[in-house]
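Novice: Residues 437 to 866 in this note's numbering are what the sequence shown spells out, letter by letter.
I have a structure here, written as structure tokens, and I will follow up with some questions on it.
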Amino acid sequence: MAPQPPAAFSRLALCLWAAASAAALPEPAVLVGDAAEYAVMFLSWTRHLSPGVQAADLDAYNHLIHARPVPGSVPVTPRHDPFLELPGVSPPVWDLRHFWFYSFLASPFLLLAQLVGLHPLASFALLHSAMGLCVVLLARRWSGPAGALAAALTLAASPALWYANKIHTEPLTICSVLAGFIGFAAARPAWGALLVSLGAAQNNLLAPLAAAMLATAWFSQPGQRPLTLRLGAACAALIGLAPAFYWSRHGFTNPISALGYVQPELLTSKRLLSIWIDLDRGLLLLWPLALPCLAAALARIAGRSILSNPILLTATFYAAYAQAVMSMQGNWNSGASHLVQRYSVWFIPLAWFPLRWWLESAWTAPAARRATCLALLSLLAAWSAFQFRPSQPDTVVQFNALSRWWYSNLPSLLDPEPEIFLERACQSEL
């Protein structure tokens with residue numbers, strides 16, 4: 437029998453999670469992107485257990501950031517967008533264009549934040565830490581020590597780490613998709629769908645992945661169809677929460693689409709490629725672990741049929757449709773990220789597979805090769821963690837060192853995505 441990765445991998449995974457949490461929590465809560473919306477809804481949940489934002493909630497938020505300032509915070513006042521006024525209600529109550537589920541999940545952590553003397557908005561960082569711990573423990577139970585360590589590396593040695601102290605939904609998306617794939621790989625596709633649906637409650641673009649996992653469970657595990665039906669009903673309830681909420685109150689199911697933020701005409705091959713290879717935003721170029729993970733994945737699946745492998749088929753489906761959908765968003769060079777394009781972080785959970793394979797194959801290799809593989813992985817992981825440490829800013833209006841050199845010396849070899857190039861050349865978001 438081949439030697440199995442040691443239990444020490446699990447302890448190392450927990451140490452990585454603890455280190456990531458420790459790096460984030462001493463930092464003040466940081467508002468990036470649409471964070472003010474989530475912060476205001478967080479206060480509405482903690483003040484009166486309701487997602488509807490009242491004028492008193494706005495006053496409470498503005499008072500909080502004045503009394504205890506946090507980076508990126510600005511006063512908030514009602515305006516047409518993103519505030520959606522509830523018709524016929526006096527005094528006014530507003531819903532916001534981004535759903536409240538993420539803020540709802542953070543609200544119970546307010547008590548813990550107050551207990552340990554943290555800023556109230558650090559409740560979001562505590563939520564992120566708790567989600568990361570749950571993912572690592574789930575991987576340990578369903579995938580063993582190598583799976584646990586791979587999960588910890590996926591979260592703590594990737595662009596996901598940068599979001600640890602940010603008020604943003606990307607940690608929920610990353611953790612739910614990662615947990616879903618861990619369940620899927622453990623022959624629990626229906627449970628994987630439920631875990632993905634937790635993220636889909638906030639980000640409905642994850643719904644097709646949950647549906648694909650449920651379909652796999654239905655056809656591959658006919659003896660468990662009663663369980664699949666029950667879990668499928670729970671998935672439908674979670675995924676349908678946001679559309680039902682907005683339809684019942686405003687007459688449309690998705691405010692992002694209703695307000696014109698989804699633009700199909702933006703879907704081009706150049707935008708699709710820029711997610712991966714843009715010199716200022718490309719995931720493959722700016723995440724040190726990305727290319728090794730891609731190489732490990734290609735080596736693992738070489739010669740295998742995608743259609744005959746449910747995991748490979750589902751992962752490919754997710755990557756393809758997610759890339760197409762995210763390309764229809766206009767904020768290609770927006771903040772709310774560090775180095776890499778913000779929507780590209782949705783692909784981070786896929787790195788769990790090659791990282792787990794890397795750890796398992798290294799442990800069964802001869803001693804010299806094992807030491808080399810683990811040393812290389814440790815070096816790349818440390819580099820990634822340092823590069824995406826939470827204290828880094830989200831500057832998006834300057835060329836990085838690589839692109840500055842390339843466009844100065846080899847300008848004809850790469851035609852960059854215009855939005856990214858122009859905003860950095862003009863040093864302002866257009």
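Glycine included, every Cβ here is placed at the ideal spot set by N, Cα and C.
Using a Cβ-Cβ cutoff of less than 7 angstroms, which residues in the same chain neighbour Leu631 once the five nearest sequence positions on both sides are dropped?
Specialist: For the purposes of this step, residue 631 is taken as the residue at position 195 of the sequence shown. So the qualifying residues of the chain are Ser612, Ala615, Gly616 and Gly619.
Novice: Please list, in chain order, all residues of the same chain as Gly488 whose beta carbon is under 6 angstroms from its beta carbon, the five residues on each side excluded.
Specialist: Numbered from its first residue, the sequence shown carries residue 488 at position 52. The residues are Val529.
Novice: When we look at the beta-carbon of Glu859 and count the other beta-carbons within 10 Å, is it buried (16 or more) or exposed?
Specialist: The residue you call residue 859 lines up with position 423 of the sequence shown. Under this definition Glu859 is a buried residue.
Novice: So the alpha helix (DSSP H) Asp493 belongs to, where does it begin and stop?
Specialist: As a working note, residue 493 is residue 57 in the sequence shown. It spans Ala491 to Ala503 - the alpha helix (DSSP H) in which Asp493 sits, taken as one unbroken run.
Novice: Would you kindly check if the distance between the Cβ of Phe545 and the Cβ of Leu562 is under 9 angstroms?
Specialist: To locate residue 562, count along the sequence shown from 1; it is residue 126. To locate residue 545, count along the sequence shown from 1; it is residue 109. Yes.
Novice: Output needed for Gly668: all residues of its chain with C-beta closer than 6 angstroms, excluding positions within five of it in sequence on either side, in chain order.
Specialist: Position 232 of the sequence shown holds residue 668. Excluding positions up to five away in sequence, the list reads Leu650.
Novice: Who are the near neighbours of Leu816 in its chain, counting only those whose CB is closer than 8 angstroms to its CB and skipping five residues on each side?
Specialist: The residue given as residue 816 occupies position 380 in the sequence shown. Closer than 8 angstroms at the Cβ level, and outside the excluded window around Leu816, lie Ala593, Pro724, Leu725 and Pro728.
Novice: From this set, Ala458, Ala584 and Ala503, which residue's C-alpha is nearest Phe445's C-alpha?
Specialist: For this step, residue 445 is matched to residue 9 along the sequence shown. Selected option, being the one with the closest Cα: Ala584.
Novice: Please confirm if the segment 571-590 is in contact with the segment 789-798, defined as three or more CB-CB distances below 8 angstroms between the two stretches.
Specialist: Judged by Cβ distances under 8 angstroms, the segment 571-590 makes contact with the segment 789-798, as three or more pairs qualify.
Novice: Pick helix, strand or coil for Glu419, following the three-state DSSP scheme.
Specialist: Since the first and last residues shown for the chain are 437 and 866, residue 419 lies out of range.
Novice: Who are the Cβ neighbours of Glu606 in its own chain at under 6 angstroms, not counting the five residues just before and after it?
Specialist: Locating residue 606 in the sequence shown gives position 170, where the first residue counts as 1. Within the same chain, Glu606 has close Cβ partners Tyr599 and Val781.
Novice: For Arg576, collect the residues of the same chain with a Cβ closer than 6 angstroms to its Cβ; drop the 5 residues on either side in sequence, then sort them by chain order.
Specialist: Position 140 of the sequence shown, counting from 1, holds the residue named residue 576. Result list for Arg576: Ser446 and Ala584, in chain order.
Novice: Consult DSSP for Phe824 and reduce its assignment to one of helix, strand or coil.
Specialist: As a first step, residue 824 must be located in the sequence shown, where it is residue number 388. Three-state DSSP puts Phe824 in coil, outside helix and strand.
Novice: Suppose the cutoff is 8 angstroms on Cβ atoms and the five residues either side in sequence are ignored; what does the same chain contact list for Met437 look like?
Specialist: Locating residue 437 in the sequence shown gives position 1, counting from the first residue. With a pLDDT of 42 at Met437, under the threshold of 50, the predicted position of this residue should be treated as unreliable, though the coordinate-derived value follows. Excluding sequence neighbours, Met437 sits near nothing in its chain.
Novice: Within 10 angstroms of its Cβ, does Val525 collect 16 or more other Cβ (buried), or is it exposed?
Specialist: As a first step, residue 525 must be located in the sequence shown, where it is residue number 89. Its Cβ having fewer than 16 others within 10 Å, Val525 is exposed.
Novice: What is the rounded straight-line gap between the Cα of Pro691 and the Cα of Ala558?
Specialist: Taking the first residue of the sequence shown as position 1, residue 691 is located at position 255. Taking the first residue of the sequence shown as position 1, residue 558 is located at position 122. Going by the C-alpha atoms only, they are around 27 angstroms apart.
Novice: What distance in whole Å lies between the Cβ atoms of Leu569 and Leu791, which are believed to be in contact at a cut-off of 8 angstroms?
Specialist: Position 355 of the sequence shown, counted from the start, is the residue given in the question as residue 791. Position 133 of the sequence shown, counted from the start, is the residue given in the question as residue 569. Actually they are not in contact, since the Cβ atoms of Leu791 and Leu569 sit about 18 angstroms apart, beyond 8 angstroms.
Novice: Within 10 Å of its beta-carbon, does Lys602 have 16 or more other beta-carbons around it, so buried, or fewer, so exposed?
Specialist: Reading the sequence shown from its first residue, position 166 is the one you call residue 602. Label assigned to Lys602: buried.
Novice: Nearest to Glu853 by CA position, among Ser710, Val833 and Ile675, is which residue?
Specialist: Translated into positions along the sequence shown, residue 853 becomes position 417. Measuring from the Cα of Glu853, the nearest candidate turns out to be Ser710.
Novice: From the DSSP output, in three-state form, read off Gln765 for me.
Specialist: Residue 765 sits at position 329 when you count from the first residue of the sequence shown. Correct three-state label for Gln765: strand.
Novice: Using only the alpha-carbon positions, how far apart do Phe783 and Ala811 sit?
Specialist: Numbered from its first residue, the sequence shown carries residue 783 at position 347. Numbered from its first residue, the sequence shown carries residue 811 at position 375. Rounded to the nearest angstrom, the two C-alpha atoms are 25 angstroms apart.
Novice: Expressed to the nearest angstrom, what Euclidean distance is found between the alpha-carbon atoms of Leu849 and Leu775?
Specialist: The residue given as residue 849 occupies position 413 in the sequence shown. The residue given as residue 775 occupies position 339 in the sequence shown. Taking the straight line from one Cα to the other gives about 22 angstroms.
Novice: Starting from the Cα of Gly676, find the closest Cα among Gln638, Pro847, Gly659 and Asn767 and give me that residue.
Specialist: Here residue 676 corresponds to residue number 240 of the sequence shown, with the count starting at 1. Among Gln638, Pro847, Gly659 and Asn767, the Cα nearest to that of Gly676 is on Gln638.
Novice: What runs of the alpha helix (DSSP H), each 4 residues or longer, lie entirely inside the segment 535-589?
Specialist: Those alpha helix (DSSP H) runs which fall completely within the segment 535-589 and span 4+ residues are 537-542 and 546-551.
Novice: So, under 8 angstroms CB-CB, Trp712 and Leu720 are touching, yes? Tell me the CB distance rounded to an integer number of Å.
Specialist: Mapped onto the sequence shown, residue 712 falls at position 276. Mapped onto the sequence shown, residue 720 falls at position 284. Rounded, the Cβ-Cβ distance is 5 angstroms, consistent with contact.
Novice: Please state the DSSP three-state secondary structure of Phe688.
Specialist: In the sequence shown, counting from the first residue as 1, residue 688 sits at position 252. Three-state DSSP puts Phe688 in coil, outside helix and strand.
Novice: How big is the Cα-Cα spacing for Leu421 and Asn845?
Specialist: Because the chain is modelled from 437 through 866, residue 421 falls outside the range shown and cannot be assessed.
Novice: Do the segment 740-752 and the segment 684-703 make contact, defined as three or more Cβ pairs closer than 8 angstroms?
Specialist: The answer is no - the segment 684-703 does not touch the segment 740-752, with fewer than three Cβ pairs under 8 angstroms.
Novice: Among Leu703, Trp768 and Phe560, which residue has its Cα nearest to the Cα of Ala756?
Specialist: In the sequence shown, residue 756 corresponds to position 320, counting from 1. Nearest C-alpha to Ala756: Leu703.
Novice: Note down, one range per segment and in chain order, each alpha helix (DSSP H) of at least 4 residues found wholly within the segment 603-659.
Specialist: Counting whole runs of 4 or more residues, the segment 603-659 contains the alpha helix (DSSP H) stretches 606-621, 625-636 and 643-656.
Novice: Which residues bound the alpha helix (DSSP H) around Trp782?
Specialist: As a working mapping, residue 782 is identified with position 346 in the sequence shown. Neither: Trp782 is in no alpha helix (DSSP H) and is coded neither H nor E.
Novice: Could you tell me the alpha carbon to alpha carbon distance between Ala626 and Ala653, rounded to whole angstroms?
Specialist: Residue mapping note: residue 626 aligns to position 190 of the sequence shown, counting from 1. Residue mapping note: residue 653 aligns to position 217 of the sequence shown, counting from 1. So the two alpha carbons sit approximately 6 angstroms from each other.
Novice: Taking only the alpha-carbon atoms, compute the straight-line gap between Leu554 and Ala837 and give it to the nearest angstrom.
Specialist: Position 118 of the sequence shown holds residue 554. Position 401 of the sequence shown holds residue 837. Whole-angstrom Cα-Cα distance: 36 angstroms.
Novice: Can you tell me where the alpha helix (DSSP H) with Val476 in it begins and where it stops?
Specialist: As a working note, residue 476 is residue 40 in the sequence shown. Looking at the DSSP string, the run of the alpha helix (DSSP H) that includes Val476 is Ala471 to His484.
Novice: Specify, as a first and last residue, the run of the beta strand (DSSP E) that Trp530 falls within.
Specialist: To locate residue 530, count along the sequence shown from 1; it is residue 94. Val529 to Leu532 is the extent of the beta strand (DSSP E) around Trp530.
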